[in-house]
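Position 128 of the sequence shown, counted from 1, bears residue number 128 in this note's numbering, the numbering being contiguous throughout.
Glycine included, every Cβ here is placed at the ideal spot set by N, Cα and C.
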Amino acid sequence: MGATGVSGQTAVQVCRAFGASEVVAIGRAGAKLEGTRELGATETISLAEEVAETDFGPAGNMDVVLDYLWGYVAEAAIKGIVAKRQNPSKRLSWVEIGALGEDECAIQGSLLRKANIPLYGCGPGSWTFQELNEEIPKMLDAIVAVGLKAKYDERKLEDIDEWWPEVGGDRLVVKP
Numbered sequence: 001m002g003a004t005g006v007s008g009q010t011a012v013q014v015c016r017a018f019g020a021s022e023v024v025a026i027g028r029a030g031a032k033l034e035g036t037r038e039l040g041a042t043e044t045i046s047l048a049e050e051v052a053e054t055d056f057g058p059a060g061n062m063d064v065v066l067d068y069l070w071g072y073v074a075e076a077a078i079k080g081i082v083a084k085r086q087n088p089s090k091r092l093s094w095v096e097i098g099a100l101g102e103d104e105c106a107i108q109g110s111l112l113r114k115a116n117i118p119l120y121g122c123g124p125g126s127w128t129f130q131e132l133n134e135e136i137p138k139m140l141d142a143i144v145a146v147g148l149k150a151k152y153d154e155r156k157l158e159d160i161d162e163w164w165p166e167v168g169g170d171r172l173v174v175k176p
């Protein structure tokens, strides 16, 4: 979830590089969301204006959710995905990576009892530095193997007065 940002687009590609047969990209931006198909997404889910009205059906049988949004979006997604799961006892690992939506998420306890959904945090504190050091080479190998594509807007610092007012939605890289 959050597949239209640079981190989400990277996650789509890395999931495929690590062998995911299906990747469902979830996000808001139409063209960017559709662009995740070129990066390896097999399905997309466009978040409705009222997130609770979104059809999360295509994600109903996923094994893992990488969540860059959290908050009210995660609340709606968990509810929608649980409702669509064919086998609720099949594990759905929910990995909270970011909180672009909100920092707090009120998940109904009944949803956690209806389905096998362990929640994980991903960030400093959720792994040891030893574990991180063991995983970094694998991640870098996967990134090289997939030929990671990332859209970014590169600008010169010395021209900041000219370009700052027009900065758009792509990741901004400022070079000296």
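Put residue i into one of helix, strand or coil per three-state DSSP.
i           : result
residue 17  : helix
residue 50  : coil
residue 35  : helix
residue 192 : Missing from the structure shown is residue 192; the chain here goes from 1 to 176 and no further.
residue 12  : helix
residue 25  : strand
residue 167 : coil
Just to confirm, are residue i and residue j a CB contact at a threshold of 8 angstroms?
i           : j           : result
residue 25  : residue 41  : yes
residue 73  : residue 109 : no
residue 184 : residue 66  : Any question about residue 184 goes unanswered here, given that the chain covers just 1 to 176.
residue 157 : residue 117 : no
residue 19  : residue 4   : no
residue 75  : residue 106 : yes
Residue i and residue j look like a contact to me (Cβ under 8 angstroms); what is the Cβ gap, rounded to whole Å?
i           : j          : result
residue 150 : residue 17 : At roughly 14 angstroms, the Cβ-Cβ gap does not stay under 8 angstroms, so residue 150 and residue 17 are not in contact.
residue 39  : residue 12 : 5 angstroms
What residue from the options has the CA that sits closest to residue i's CA?
i           : options          : result
residue 97  : 87, 126, 75      : 126
residue 114 : 133, 124, 81     : 81
residue 35  : 50, 49, 63, 9    : 9
residue 48  : 29, 161, 62, 176 : 29
Fully enclosed by the region 55-121, which alpha helix (DSSP H) runs are 4 residues long or longer? 71-84, 109-114
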